[in-house]
Amino acid sequence: MKSIQSTLKQWAKSTGLKERLDKQREELLTDPYIKAFIRENNDSVTNEMIDSGMVKLYEFKKERRACANCPGLKECPNMMKGYQPSLSIERGHLELHYLPCALKVQEKKQKEQSQLMKSLYIPKDILSARFEEIDMDGERGEAGAAALEFALKANPGEDGGGLYFYGKFGVGKTYLMGAVANELFDRGIESYTVYTPDFFREMKQSLGDGTFQEKLDTIKKAQVLILDDIGAETTSSWVRDDVLGAILQYRMLEKLPTLFTSNYDYDELEDHLSYSDRGGIEELKAKRIMERIKHNTTFVTVAGHNRREKR
């Protein structure tokens with residue numbers, strides 16, 4: 206009785222399969238990427254490996270050729286979109302692996318970076334602000350220099366020092382903070398920018414849907430937190446003590462920088478925070494909040510005219 210192997214060989218010979226396989230083998234071995242792999246592993250690759258790995262070599266050639274004529278990540282024709290084939294030798298056999306291509310790596314990096322700059326209730330034009338667009342020799346020069354220095358040197362977890370930008374309406378305080386957020390983004394540092402009045406309103410509403418603690422933790426644990434327009438909110442003992450106080454206490458202990466913009470200077474903000482929704486004045490509690498702010502920020506006056514007014 207003939208063995209299965211001999212029967213297969215006889216069948217292959219009679220059908221011309223052997224000739225076709227030999228021709229396909231020759232074509233595969235002329236592929237520049239396969240030739241390069243064999244040349245790099247000349248001492249290890251054997252004819253037996255090539256013969257038994259024909260299917261893998263064919264797949265490698267097909268997928269690698271698609272990569273050589275890359276139509277872009279969205280139009281990638283490979284079986285695993287965004288992944289490039291790689292040959293290796295394992296236990297005496299050719300093995301095929303898939304590794305993310307340069308475009309896939311870049312896409313992943315961009316997705317990760319997009320999570321670095323977050324915001325709540327901040328206009329899109331503010332989020333696109335860049336220091337290159339700010340006149341550093343003009344009215345905002347001193348404030349711009351302070352903002353840029355912070356953005357370049359910020360070291361969350363090691364240095365909790367932030368900035369307190371004080372100025373009139375429309376002088377560009379928030380825009381400067383947007384530029385800070387973008388510079389931090391470029392450095393791979395997470396920032397969270399929030400319009401304080403709307404944020405405090407949302408925190409009140411979150412008590413009803415059970416998301417209060419989750420939202421509070423997200424804000425207070427940001428590497429860099431920017432509280433825009435603090436003092437514009439309606440005064441509330443709960444907001445001051447249980448929201449703002451909790452955020453500032455945590456960030457002070459963890460050395461996480463907090464930046465503020467306000468139409469109030471330190472003294473005016475303390476006066477604002479001292480008013481209670483219960484009708485009284487709570488100077489001591491307001492002073493405690495302000496001590497945390499003063500201790501962890503540098504006061505910067507933002508000069509200039511109101512850019513929101515038509516001139």
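The numbering used here applies: residue 206 is where the sequence shown begins, and numbers increase by one.
Note that beta-carbon positions come from the ideal geometry of N, C-alpha and C, so glycine has one too.
Tell me whether the beta-carbon of residue i lies closer than 7 Å to the beta-carbon of residue j.
{"i": "TYR371", "j": "THR502", "result": "no"}
{"i": "MET495", "j": "VAL448", "result": "no"}
{"i": "ILE435", "j": "SER467", "result": "yes"}
{"i": "LEU479", "j": "GLU473", "result": "As written in the sequence, residue 479 is Ser, which differs from the Leu given in the question. No. Outside cutoff."}
{"i": "LEU464", "j": "LEU381", "result": "no"}
{"i": "GLY450", "j": "ARG345", "result": "no"}
{"i": "ASP482", "j": "SER442", "result": "yes"}
{"i": "PHE390", "j": "MET322", "result": "yes"}
{"i": "ALA359", "j": "PRO462", "result": "yes"}
{"i": "ILE239", "j": "VAL250", "result": "no"}
{"i": "LEU278", "j": "LEU308", "result": "yes"}
{"i": "ASN283", "j": "ALA271", "result": "yes"}
{"i": "ARG542", "j": "MET457", "result": "Missing from the structure shown is residue 542; the chain here goes from 206 to 516 and no further."}
So residue i and residue j are supposed to be a Cβ contact under 8 Å. How far apart are they, rounded?
{"i": "LEU357", "j": "GLU388", "result": "7 Å"}
{"i": "VAL399", "j": "LEU325", "result": "4 Å"}
{"i": "VAL385", "j": "PHE355", "result": "6 Å"}
{"i": "ASP446", "j": "THR401", "result": "No, ASP446 and THR401 are not in contact; Cβ-Cβ is about 15 Å, not under 8 Å."}
{"i": "MET341", "j": "ALA350", "result": "6 Å"}
{"i": "PHE374", "j": "ASN274", "result": "Contact flag wrong, Cβ pair sits at about 56 Å."}
{"i": "ILE331", "j": "GLY383", "result": "4 Å"}
{"i": "THR440", "j": "HIS500", "result": "That belief does not hold up - the Cβ atoms of THR440 and HIS500 are roughly 22 Å apart, past 8 Å."}
For residue i, which residues does DSSP report across the bridge?
{"i": "THR534", "result": "Residue 534 lies beyond the range of the chain shown here (206 to 516); nothing can be said about it."}
{"i": "LYS490", "result": "Its beta-bridge partners do not exist; DSSP assigns none."}
{"i": "GLY367", "result": "THR502"}
{"i": "LYS409", "result": "None; LYS409 has no bridge partner."}
{"i": "VAL399", "result": "LEU325 and LEU432"}
{"i": "TYR455", "result": "Per DSSP, none; premise fails for TYR455."}
{"i": "TYR469", "result": "TYR469 is not bridged to any residue."}
Taking Cβ positions only, does residue i come closer than 7 Å to chain D?
{"i": "GLU245", "result": "Among the chains of the structure shown, chain D does not appear; only one protein chain is present."}
- prompt: Does the region 329-343 come within contact of the region 418-432, defined as at least 3 CB pairs closer than 8 Å?
  reply: Proximity of the region 329-343 to the region 418-432 falls short of the contact definition, fewer than three beta-carbon pairs being nearer than 8 Å.
field: Complete runs of the beta strand (DSSP E) confined to the region 279-318 [at least 3 residues]
entry: Runs of the beta strand (DSSP E) inside the region 279-318: 288-295 and 298-305.
field: 3-residue-minimum beta strand (DSSP E) runs that sit fully inside the region 237-278, ordered along the chain
entry: Within the region 237-278, no complete beta strand (DSSP E) run reaches 3 residues.
query: Is the region 360-368 in contact with the region 289-296, if contact means three or more CB pairs nearer than 8 Å?
result: Because the criterion of three Cβ pairs below 8 Å is not met, the region 360-368 and the region 289-296 do not touch.
- prompt: Quick one: any contact between the region 231-239 and the region 262-279, if contact means 3 or more CB pairs under 8 Å?
  reply: The count of Cβ pairs closer than 8 Å, one atom from the region 231-239 and one from the region 262-279, reaches three, so the stretches are in contact.
Cβ contact (3+ pairs, closer than 8 Å) linking the region 249-258 and the region 298-316: When Cβ pairs closer than 8 Å are counted between the two stretches, the region 249-258 is seen to touch the region 298-316, the count reaching three or more.
message: At 4 residues or longer, what runs of the alpha helix (DSSP H) sit wholly inside the region 327-380?
response: Fully contained in the region 327-380 are the following alpha helix (DSSP H) runs of length 4 or more, in chain order: 329-332 and 346-358.
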